[in-house]
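> Chains E and D, in that order, are what the protein sequence lines are. All residue numbers for the first sequence refer to my numbering, where the first residue is 2 and numbers rise by one. All residue numbers for the second sequence refer to my numbering, where the first residue is -2 and numbers rise by one. Don't be surprised by glycine CBs; every beta carbon is placed ideally from N, CA and C. I have a structure here, written as structure tokens, and I will follow up with some questions on it.
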Amino acid sequence: MEFPSSGPRPLTVEEFDTTRHLSHAARQARERGFDKITIVDADTHHDETGSFRQMVDYIDSTVERQKARASTNEGRRPMIPYNISYADVGGRIQRFAARKLEQTPANVHRDITLTRRSMAAMGATYGVMYPTASMRLAIQPKRDWEFWLTLAYNRWIANDLLPQEPQLKAMLYLPLHHTAECLKMIEELADKPGVAGCVVASARYEKIQQKGMMKVLAAMQERDLVLAFHGMANWEEANLAAIPKWGAVQAIGVPQSNMVHMANWLMSGMPERFPTLKVLWCESGVAWAHYLMQRLDAVYLARVSDAPLLKEKPSHYMARMYYCSQPLERPDDPAALEVAFRAINAETQLVWGSNFPAHNFDVPATIWDLPFLSETAKRAILGGNATRLFRFKTGNV
Amino acid sequence: MELPSSHDIHRLTVEEFDTTKLLAHAAKQSRERKYNEFMIVDIDSHHYESDHLSEIYEYIDAPVIKQFGKAFQQTMGRPMFPQRGNDQEMGGRITRSAVRRMEKSKHKDGGKHDTELALRWMNAMGVDYTCLFPTPMLSFGLHPQVEVEVALSRAYNRWLCERVLASEPRLISLLYLPFNDPDECYKTVMEFGDKKGVVGFLVTGVRYNPVHDNEYMKTYALIEEMGKPLAFHAAYNWQSKYMEQMNRFISVHALGFPYYNILHMTNLVINGIFERFPKLRTMWIEGGVAWIPFLMQRLDNEYMMRQSEAPLLKRLPSDYMAEQFYATQPLELTKNRKLLEATFDAIKAETQLCFSTDYPHWDFDLPSTVYDLPFLSEQAKRNILGGNAQKLFGLKPWQHDKAGKPLYAG
């Protein structure tokens, strides 16, 4: 595979191997003795589009199944919206494209092999998988397509993929436009082995507190399923379209997408209505939570009547939620990060996630090497907290 | 190529694709209606520039943007602009979009390949000239990076001029203006205005630029001086807040295209652009025609009540609108033909309306769409099918017989 260059010489890559790609991570894992602790990667991604043809067999509607099949033909427009992404920096980060070259054994699903390899290199025991391209279905204006394709994905991952590898877990994607169907999906699939919870792809406009969601959230709470909000940026949103650089759009847009849902979640009193539902916020780092705690507390104290269901300050509820660390901010002054950790009770509420193979993925050393954490806190963040959150088995697995 | 069906017994496998065969009925119509006796000009047809991005990216000047474009294409297999999933091809039922890549030509060069394919459908329909436009680039006005729209549109314009327009006299175009950068629009007109086959300039309608902004005035003045038209090509944006409320492609398509023409026309008329540039001729593409009398009535009625908000106007909005040019497709053929006749009357169709196919898109029109209208005279039909565009663009017959008599494609 040839990677073009702005200079005279393109770069040719003949092969790709995740294990070799992550050899430094593996060395770190050996040096730090990660084999002696349980590490859970609470946010790892697989390329589900490679299995699209198998998935679409799970679409009930014959007409929509035909459209989904037809969309795989060359020259057809994809059903999943494609936003411009400079994630690979014009080919400088090669794994996005070069991973296509990676060889995997025929008798194991490719996504399982690739995820096992990245987990093994980083020393992770469990991985919670999220789809990649399908997350953009949140911005598919043809809403029934979001529903049909996520139904197909959810059924495929629960029925076909997860039974093949007990160390891999997954989250059911919630198409929030179709709340009644979300409930049916949970009833059909949530009890399957490996289903760890449900995820909201955050770049969307439906309110999490909408009436139809109450039954969905109640069903999740009854089953002790984790509700994850996965941050993402939609460059076509008017305020983000004003930013002409992809990296800045990610820096602002991803946490912003979670902040909207967090504000709605709190101000509509959802923590009081669903007190035992466990909520996890992914892919936004940690600095946003500390910022929003201060901001919401200030506004709440000035206008308590805006949030009549709350019995405590917003930050108190936020401190009892879960946060996934990636992409962990690295301020010049580590004290700033320490304060953010303290605000969210990191020792019990923070879970590590790699977000591999994203452009800005984190390895476990990102947590392990933090100077202000105790050994106990490191172990909790890298695996203990997630094991408790998702009710994973500990010990030899 | 296998075209899936909702049921296996209807599954369709297509082994080859040939435009001439696809349009056999159009060719029959052309012979029956003797299109060889007069000129037919198609104001709006398309090719898929997305099939030739590796050639087009070579024309990008900025080395970093060029690398990004090539990296997108070569390694990720994606264009460097957004792609929108939609239901346009009805799950593969409109086959030509999916199977077009199976069609063979003599050429490896993308420009020559597209030229050969264009001539095939033009000959089948009896079209003498066509204005060739890109396809995905119609939404490029929404690109969040102004410099990418500038770089890619210039690369496309260079590619089109050098590889298509320079060598085929029957293919003409209105060149893409990077409207997010007014200065670059001016430069584009200066650079490409005299190139062979460039008969005017194009604003792709899906965008958030107020077209009456003073920053565009020097470009309008330049285009007016050149005597070439400025066209507005409509499209849709399902992801806009209004359109997101609709669940079907049919709804978004029906409302989305005229919406952008209505928006930009309103801004031009109300802000007196046609008074400031009285010789500037505008062309409105791919919104059909029914929106025009609607807007004429609406703007006239409001103008009579609030003239102070449009102080530059000396006449009714509809008077200015009736002097502009309009492309036919998709012509609204409804049960009540009197509506269409009244529309033609309102827009002075005999001198202002220009036929367009929008081929190969899903709802393209044939020349018979106009030719078979019962209320038009033979002269009116010929004006709409070619004569009006011939005058607007200053076109001459592209071939003659030995005695010097013009020969036409039909």
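Along the beta strand (DSSP E) that carries E:Tyr127, what are the first and last residues, could you check?
Unbroken beta strand (DSSP E) run through E:Tyr127: 127 to 131.
> Which residues in the same chain have their Cβ closer than 6 angstroms to the Cβ of E:Glu166, if we skip the five residues on either side of it in sequence?
Taken in chain order, the residues that qualify are Ile113.
> What is the rounded straight-line gap between the Cα of E:Pro328 and the Cα of E:Asp363?
For E:Pro328 and E:Asp363, the distance between alpha carbons rounds to 6 angstroms.
> Between which two residues does the alpha helix (DSSP H) holding D:Thr132 run?
No alpha helix (DSSP H) contains D:Thr132, which DSSP labels as neither H nor E.
> Where does D:Leu296 sit, in a helix, a strand or coil, going by DSSP?
Helix at D:Leu296.
> Does the beta-carbon of E:Glu147 have 16 or more other beta-carbons within 10 angstroms, so that it is buried, or is it exposed?
It is buried - the Cβ of E:Glu147 has at least 16 other Cβ atoms within 10 Å.
> Exposed or buried, D:Thr16, counting other C-beta atoms within 10 Å across all chains shown (16 or more means buried)?
By the neighbour-count rule (16 or more Cβ atoms within 10 Å), D:Thr16 is buried.
> DSSP on D:Lys67, reduced to helix/strand/coil?
DSSP places D:Lys67 in helix when its eight states are reduced to three.
> Would you kindly work out how many angstroms separate the C-alpha atoms of E:Asp307 and D:Arg90, rounded to a whole number?
Each residue's alpha carbon lies about 52 angstroms from the other.
> List the residues of chain E that D:Phe78 touches, going by C-beta distances under 7 angstroms, in chain order.
Near D:Phe78 (Cβ distances below 7 angstroms), the residues of chain E are Ile85.
> Is there at least one Cβ from chain D nearer than 7 angstroms to E:Glu237's Cβ?
Yes, contact with chain D.
> Look up D:Met73 in the DSSP assignment and say whether it is helix, strand or coil.
It is helical.
> Runs of 4 residues minimum, wholly inside the region 66 to 99 of chain E: which ones carry the alpha helix (DSSP H) assignment?
Runs of the alpha helix (DSSP H) inside the region 66 to 99 of chain E: 96 to 99.
> Buried or exposed: which applies to D:Arg334, given that a residue is buried once 16 or more other Cβ atoms fall within 10 Å of its Cβ?
Looking at its Cβ environment, which holds fewer than 16 other Cβ atoms inside 10 Å, D:Arg334 is exposed.
> Taking 7 angstroms as the CB-CB limit, is D:Ser2 close to chain E?
It does; some Cβ of chain E falls within 7 angstroms.
> Whole angstroms is fine: what's the gap from E:Val109's alpha carbon to E:Ala197's?
So the two alpha carbons sit approximately 22 angstroms from each other.
> Using the Cα positions of E:Gly91 and D:Phe69, report the straight-line distance between them to the nearest angstrom.
Cα-Cα distance, rounded: 7 angstroms.
> Quick one: which residues of the region 83 to 95 of chain D get their C-beta closer than 9 angstroms to a C-beta of chain E? List them in chain order.
Correct list: Asn83, Asp84, Gln85, Glu86, Met87, Gly88, Gly89, Arg90, Ser94, Ala95.
> Go ahead and label D:Pro60 buried or exposed: buried means 16 or more other beta carbons lie within 10 angstroms of its beta carbon, across all protein chains shown.
With fewer than 16 Cβ atoms within 10 Å of its Cβ, D:Pro60 is classed as exposed.
> Report the residue from E:Pro132, E:Arg31, E:Leu226, E:Arg28 whose alpha carbon sits nearest the alpha carbon of E:Arg392.
Among E:Pro132, E:Arg31, E:Leu226, E:Arg28, the Cα nearest to that of E:Arg392 is on E:Leu226.
> Give, in chain order, every unbroken run of the beta strand (DSSP E) that is at least 3 residues long and sits entirely within the region 294 to 342 of chain E.
List check, beta strand (DSSP E) in window: 323 to 325.
> Any idea what DSSP makes of D:Glu52, helix, strand or coil?
Helix, per DSSP.
> State the start and end residues of the unbroken beta strand (DSSP E) segment that holds E:His231.
Looking at the DSSP string, the run of the beta strand (DSSP E) that includes E:His231 is 227 to 231.
> Expressed to the nearest angstrom, what Euclidean distance is found between the alpha-carbon atoms of D:Met318 and D:His230?
Cα to Cα, the separation comes out at about 16 angstroms.
> Taking the alpha helix (DSSP H) that E:Ser258 falls in, what are its first and last residues?
Where E:Ser258 is concerned, the enclosing alpha helix (DSSP H) stretches over 247 to 268.
> So E:Val280 is in the beta strand (DSSP E); what residue range does that whole segment cover?
From DSSP, the beta strand (DSSP E) with E:Val280 extends over 280 to 283.
> Output yes if chain E places a C-beta closer than 7 angstroms to the C-beta of D:Val203; else output no.
No, because no Cβ of chain E sits closer than 7 angstroms to the Cβ of D:Val203.
> With distances taken from CA atoms, which of D:Gly88, D:Gln64, D:Arg93, D:Asp58 is nearest D:Leu20?
Residue D:Arg93 is the option with its Cα nearest to D:Leu20.
> If contact is defined by three or more beta carbon pairs under 8 angstroms, each pair taking one atom from either stretch, is the region 31 to 49 of chain D in contact with the region 120 to 129 of chain D?
Enough Cβ pairs lie closer than 8 angstroms, so yes.
> Determine, using beta-carbon pairs with one atom in the region 53 to 64 of chain E and one in the region 145 to 161 of chain E, whether at least three such pairs fall under 8 angstroms.
Because the criterion of three Cβ pairs below 8 angstroms is met, the region 53 to 64 of chain E and the region 145 to 161 of chain E touch.
> Give the C-beta separation of D:Ala95 and D:Leu0 to the nearest angstrom, bearing in mind that I take them to be a contact with Cβ-Cβ under 8 angstroms.
Sure, about 7 angstroms apart at Cβ, within 8 angstroms.
> Measuring CA to CA, which of D:Val200, D:Asn154, D:Tyr173, D:Thr216 is closest to D:Trp281?
Checking every option, the nearest Cα to that of D:Trp281 belongs to D:Val200.
> Can you tell me whether D:His7 is buried or exposed? The criterion is at least 16 other CB atoms within 10 Å of its CB, across all chains shown.
Exposed: under 16 other Cβ atoms inside 10 Å.
> For a quick check, are the C-beta atoms of E:Val255 and E:Met233 less than 7 angstroms apart?
Yes. Within cutoff.
> What whole-angstrom Cβ distance do E:Ala43 and E:Ala387 have, given they're in contact under 8 angstroms?
Yes, they are in contact, since the Cβ atoms of E:Ala43 and E:Ala387 sit about 5 angstroms apart, within 8 angstroms.
> Kindly list, in the order they appear in chain D, the residues whose Cβ is closer than 7 angstroms to that of E:Gln251.
Within chain D, no residue comes near E:Gln251; the closest Cβ sits about 13 angstroms away, beyond 7 angstroms.
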